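**Student:** Protein chains in written order, with the numbering used here: chain E, 1 to 401; chain S, 1001 to 1296; chain C, 2001 to 2348.
For each residue, glycine too, the CB sits at the ideal point set by N, CA and C.
Predicted model, so just to flag it, every value in this text is computed and none were measured.
1. Taking Cβ-Cβ distances shorter than 9 Å, what residues in chain S pair up with residue 261 of chain E?
2. Look up residue 205 of chain E in the DSSP assignment and say whether it is helix, strand or coil.
3. Would you report the Cα separation of residue 2213 of chain C and residue 2077 of chain C, rounded to the nearest angstrom?
4. Specify, as a first and last residue, the run of the alpha helix (DSSP H) that residue 2313 of chain C falls within.
5. Please report the distance separating the alpha-carbon of residue 2065 of chain C from that of residue 2139 of chain C.
6. Using only alpha-carbon positions, find the residue among S/1267, S/1229, S/1011, S/1099 that is nearest to residue 1273 of chain S.
7. Identify which residue in C/2090, C/2101, C/2281, C/2337 has its Cα closest to the Cα of residue 2181 of chain C.
8. Check the Cβ-Cβ distances between residue 1199 of chain S and every residue of chain C, and say whether any is below 7 Å.
9. The alpha helix (DSSP H) with residue 390 of chain E in it runs from where to where?
10. Taking residue 2041 of chain C as the query, report the chain E residues whose CB atoms sit under 7 Å from its CB, ordered along the chain.
11. Just tell me which of C/2315, C/2251, C/2226 has its CA closest to the CA of residue 2115 of chain C.
12. Residues of the region 175-207 of chain E in Cβ contact with chain C at a cutoff of 7 Å, in chain order, please.
13. Between residue 2179 of chain C and the ligand ATP, is there a pair consisting of the residue's CB and a ligand heavy atom that are separated by less than 6 Å?
14. Taking the alpha-carbon positions, what's the residue 1169 of chain S to residue 1162 of chain S distance?
15. Does the count of Cβ pairs from the region 222-229 of chain E and the region 1186-1198 of chain S closer than 8 Å reach three?
16. Could you tell me whether the Cβ of residue 287 of chain E comes closer than 7 Å to any Cβ of chain S?
17. Do residue 148 of chain E and residue 339 of chain E have their C-beta atoms closer together than 7 Å?
18. At the 7 Å Cβ level, is residue 2049 of chain C part of the contact set with chain E, yes or no?
19. Going along chain C, which residues have a C-beta under 8 Å from residue 150 of chain E?
20. Evaluate residue 83 of chain E with the Cβ neighbour count: other Cβ atoms within 10 Å of its Cβ, from every protein chain shown; 16 or more gives buried, anything less gives exposed.
21. Can you say whether residue 76 of chain E is buried or exposed, counting buried as having 16 or more other CB atoms within 10 angstroms of its CB?
22. Can you pull the chain C neighbours of residue 164 of chain E, defined as C-beta to C-beta under 8 Å?
23. Going straight from the alpha carbon of residue 1181 of chain S to that of residue 2144 of chain C, what length do you get?
24. Counting C-beta neighbours from all protein chains within 10 Å, is the total for residue 1184 of chain S 16 or more, i.e. buried, or is it exposed?
25. Could you tell me the boundaries of the beta strand (DSSP E) in which residue 2119 of chain C lies?
26. Counting only Cβ pairs nearer than 8 Å, list the residues of chain S close to residue 271 of chain E.
27. Is the Cβ-Cβ distance between residue 397 of chain E and residue 110 of chain E less than 7 Å?
28. Could you please tell me which residues of the region 2117-2140 of chain C, in chain order, have their CB closer than 8 Å to any CB of chain S?
29. Which whole-angstrom value describes the C-beta separation of residue 2104 of chain C and residue 2237 of chain C, a residue pair presumed to lie in contact below a C-beta threshold of 8 Å?
30. Tell me whether the beta-carbon of residue 2067 of chain C lies closer than 7 Å to the beta-carbon of residue 2131 of chain C.
31. Unbroken alpha helix (DSSP H) runs of length 4 or more, entirely within the region 288-374 of chain E: which are they?
32. If we count Cβ pairs, one from each stretch, closer than 8 Å, do we get three or more for the region 1094-1110 of chain S versus the region 2257-2271 of chain C?
33. Label residue 2248 of chain C either buried or exposed according to how many other C-beta atoms from any shown protein chain fall within 10 Å of its C-beta, with 16 as the threshold for buried.
34. DSSP three-state label for residue 1236 of chain S, please.
35. Can you find a C-beta in chain C that's less than 7 Å from the C-beta of residue 1175 of chain S?
36. Does the beta-carbon of residue 2133 of chain C have 16 or more other beta-carbons within 10 angstroms, so that it is buried, or is it exposed?
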């Protein structure tokens, strides 16, 4: 063959194969059939942060299987697909694309991690994916995002509450308050909130110290705090570093009142620290595991039914997962027979003081605000029983200036 | 003691305590490097697995002392197996390839441990007294005291081992020149297996100590990243170097945390790597390492 | 059909496209690739983009580690530098992508030169440790220089604009990425067959000997660092546009290890290998999941046995298996298959 003939041959082949690939059209109604709803979820399942993603995902799974057991949503069963993002942004975007365009889900219930969620905002908006992210940041509801709903209380709310508690409940006079934070999104947010609130109350933060996740020891942090004679320590960190800190503080016989944010307001901390946790107070926005409320009873039953050992997971996150599932399910129910992204979104916006029976504070969303509640409550460690015991009711921060 | 001096001394003591943990972790690295010229990136995973096994055994009701011994023995078995299955076929390959194999191994072991032992934060039942030793206002916990004693003991043990025992001499010989050692009747394969086994056993002990001061989960393996600077600082093939490197890193970290954290947030966790980089710039073969002479 | 390729001159041996059919297949492949957004679902398009970015980064690392033999555990730092440079230029200064992407590469290359000089004395594992420390320092700087990088709050990257069109969708970004990937592959391929490429290989094989025969070690080692980090920086810039949001947590040692895995699985020192390795490792999780789903349908035991950890375990296992059984990587396997087909029915 001459070169020209060979090229012609190739060209013809190319055109034929090009015709073979037709453009395929996507169906209009995504993920909702007569008797099923396809839903997705992106939470980390592997690696060092899996301890955070797994319980939350289990909670959502279990509450949906409970819903399915009691007849589903308007006759439709929920089919939940859980994708792992390994806590990496590119993987989260990939998982999102996969769920939406491969598995053709109606919506994505929740996704983990602030960076991942923010990176997904454009896609969420474009594809009308109604979701309740598991992290919390101002960016999630300010400015208003029509398809993002938030539960829980922001770190700002939690820190404000801690200062209120120190100044009003404990009636501290000219207190020395320090912040121990990890260099993560929530750590820095907590630090900024603390600086802000401190200046509102007219006190100065005694010190700001870094304690990163994976630290072997917190000696230098504790020694600095001890030297500065700090009375109140606010820890913005996950449970493991908080445990390391509390154990180290015990070693140096240093007993300030120590506060923890929602990630470390968990029975695990008390069980791990024992007597070291005797002055530990946590702020949480879910019910305590041993609470005698109808909601928490249901959560415990769900855990038992599905073989989730409470001593082997962060129970506060499991509770949060169940709460997310219940709120999401309620929205789907209220959306009625004709389930679309719009009707679902509107249905969620009708929630007003929705009562979960003590799992979450009352939930309210309106058409102009999907902001989380501003209420949370305090838990005090009980080292004898190894649990966090609620010491206040749901409360909101005082408005200052 | 004046208050400032006490503060400084206490920081140094705490630094030494943390450093002894790093030193324990670093010791196993050196052992493998000394005998086989391999830097084992899966060392952190060996520590983690040792911790997990010990935790499981204690959960089954085995007394702590026995649990440590069994965990060390099982991890040693894992080390020997690793050497046989993964490293033996790599004999004679370029060093880069061998190091990369251990990186693959570390990823593999970490995720298998996730499947076998679960992802939850495990709380290690500490056998050490909760009380602390106080001397003139200085504080040291029993966990750290034991870690210091164990690393000191190990250092002496290894010194004697390498100096007087047959296997120790053989290991040094193999490290020096594999071909000649083979000619002298040393079984290089056995020596390799022995050094991997021993290194994993020490890793298990280090892991158990770490599990005592931290929370036991998959993240424990990442502490080994802190041991790298310690080892390289001391020079890859020096046992005393590893111990000193670990202690130096521990003390420096604590001092930076105690004096600089307010001005340079988070500098504590950077210290080890900056020191490592600087040392390499000045002495490219670590503080106690051997300078290699190259010929074409 | 010819049974064997005969090469009579050195020039012929060095040709990029060895035979006519290579050109044809390549053309067909490029056509299929360019029309991808029209027939594939957005997931595949997005994964292709990620592959493309990984290819550029892996090529860069392969030039440094595979060709020149300098082990680097800090490649993620260069990716991060490129990503943040382009994000800051695009976000703060509103500069167009055709400026920010090369700028990302250039800034990374500058840092690469800066790292290359002090690392001249280091070898092997000590070099690996030094580059690892560099990675940690860069991560620290990104986390703490908040006025510039926004630190842990993360920085948003506006979508690139091309002649008035906003390329926000993966299927639109796809064309940009494909063009840049093409450019970088051909540049790398050509680099490997020039004097520079041969000097790199000489350094890898025996640096002292290379110096003796007249290869300027300082010049070429630093050059390898610069080129490698330029590739990393460009990959980072595309990464920034593709994820539209950057966070320091995404550029850790694990990312460097991922790139190393790619070049090992693909084949050290081979351009085609970098491409194959990047594609293979990016697609691997889906392959494993698919395998489990298939097995689940055949054997009930495997149903619901799937755990995402298996993906990561397989990732580690693959690195080990390739190094033990196939040190030449996918490229080696490919070459063997090709030769055995070409020579069939003879073995050689």
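**Tutor:** Concretely, from the data shown:
1. As a first step, residue 261 of chain E must be located in the first chain, where it is residue number 261. Simply none; closest approach about 16 Å.
2. Your numbering for residue 205 of chain E matches position 205 in the first chain. It is a strand residue.
3. For this step, residue 2213 of chain C is matched to residue 213 along the third chain. For this step, residue 2077 of chain C is matched to residue 77 along the third chain. The alpha-carbon atoms of residue 2213 of chain C and residue 2077 of chain C are separated by roughly 34 Å.
4. Taking the first residue of the third chain as position 1, residue 2313 of chain C is located at position 313. Per DSSP, residue 2313 of chain C belongs to the alpha helix (DSSP H) from 2308-2325.
5. Position 65 of the third chain, counting from 1, holds the residue named residue 2065 of chain C. Position 139 of the third chain, counting from 1, holds the residue named residue 2139 of chain C. Each residue's Cα considered, the two are about 22 Å apart.
6. Indexing the second chain from 1 puts residue 1273 of chain S at position 273. The residue with the shortest Cα to Cα distance from residue 1273 of chain S is S/1229.
7. Residue 2181 of chain C sits at position 181 when you count from the first residue of the third chain. The option with the nearest alpha carbon to residue 2181 of chain C is C/2101.
8. Residue numbering aside, residue 1199 of chain S sits at position 199 when the second chain is read from its first letter. No, residue 1199 of chain S does not count as interfacial toward chain C.
9. On the first chain, residue 390 of chain E is found 390 positions in, with the first residue counted as 1. No alpha helix (DSSP H) holds residue 390 of chain E; the beta strand (DSSP E) holding it covers 387-390.
10. For this step, residue 2041 of chain C is matched to residue 41 along the third chain. Here the neighbours are 101, 102.
11. Position 115 of the third chain, counting from 1, holds the residue named residue 2115 of chain C. Taking only the C-alpha atoms, the option nearest residue 2115 of chain C is C/2226.
12. 183, 184, 185, 188
13. The model depicted lacks the ligand ATP and carries no ligand whatsoever.
14. To locate residue 1169 of chain S, count along the second chain from 1; it is residue 169. To locate residue 1162 of chain S, count along the second chain from 1; it is residue 162. Approximately 6 Å, taken between the alpha carbons.
15. no
16. The residue given as residue 287 of chain E occupies position 287 in the first chain. Judged by the 7 Å Cβ criterion, residue 287 of chain E is not in contact with chain S.
17. For this step, residue 148 of chain E is matched to residue 148 along the first chain. For this step, residue 339 of chain E is matched to residue 339 along the first chain. Not in contact: residue 148 of chain E and residue 339 of chain E (Cβ atoms no closer than 7 Å).
18. Position 49 of the third chain, counted from the first residue, corresponds to residue 2049 of chain C. Judged by the 7 Å Cβ criterion, residue 2049 of chain C is not in contact with chain E.
19. Taking the first residue of the first chain as 1, we reach residue 150 of chain E at position 150. None at all; the shortest Cβ gap to chain C is about 17 Å.
20. Here residue 83 of chain E is taken as the residue at index 83 of the first chain, counted from 1. Label assigned to residue 83 of chain E: buried.
21. The residue labelled residue 76 of chain E in the question sits at position 76 within the first chain. That one is buried.
22. The count along the first chain starts at 1 and reaches residue 164 of chain E at position 164. Correct list: empty, because the minimum Cβ distance to chain C is about 25 Å.
23. In the second chain, the residue the question calls residue 1181 of chain S occupies position 181. In the third chain, the residue the question calls residue 2144 of chain C occupies position 144. Near 52 Å, if we compare the C-alpha coordinates of residue 2144 of chain C and residue 1181 of chain S.
24. As a position in the second chain, residue 1184 of chain S is number 184, starting the count at 1. Exposed.
25. The residue given as residue 2119 of chain C occupies position 119 in the third chain. Premise fails: residue 2119 of chain C is in no beta strand (DSSP E) and is neither H nor E.
26. For the purposes of this step, residue 271 of chain E is identified with residue 271 of the first chain, where counting begins at 1. Correct list: 1123.
27. For the purposes of this step, residue 397 of chain E is identified with residue 397 of the first chain, where counting begins at 1. For the purposes of this step, residue 110 of chain E is identified with residue 110 of the first chain, where counting begins at 1. No, the Cβ-Cβ distance between residue 397 of chain E and residue 110 of chain E is not below 7 Å.
28. 2118, 2121, 2122, 2123, 2124, 2125, 2126, 2128, 2129, 2130, 2132, 2133, 2134, 2136, 2137, 2140
29. Against the third chain, residue 2104 of chain C aligns to sequence position 104. Against the third chain, residue 2237 of chain C aligns to sequence position 237. So it is a contact: roughly 3 Å between Cβ atoms.
30. Numbered from its first residue, the third chain carries residue 2067 of chain C at position 67. Numbered from its first residue, the third chain carries residue 2131 of chain C at position 131. It is not a contact, given that the beta carbons lie outside the stated cut-off.
31. 294-305, 315-335, 341-348
32. yes
33. Residue numbering aside, residue 2248 of chain C sits at position 248 when the third chain is read from its first letter. Counting Cβ neighbours within 10 Å, residue 2248 of chain C comes out buried, since at least 16 surround it.
34. Mapped onto the second chain, residue 1236 of chain S falls at position 236. Three-state result, residue 1236 of chain S: coil.
35. Here residue 1175 of chain S refers to the residue found at position 175 of the second chain. It does not; no Cβ of chain C falls within 7 Å.
36. For the purposes of this step, residue 2133 of chain C is taken as residue 133 along the third chain, with counting starting at 1. With 16 or more Cβ atoms within 10 Å of its Cβ, residue 2133 of chain C is classed as buried.
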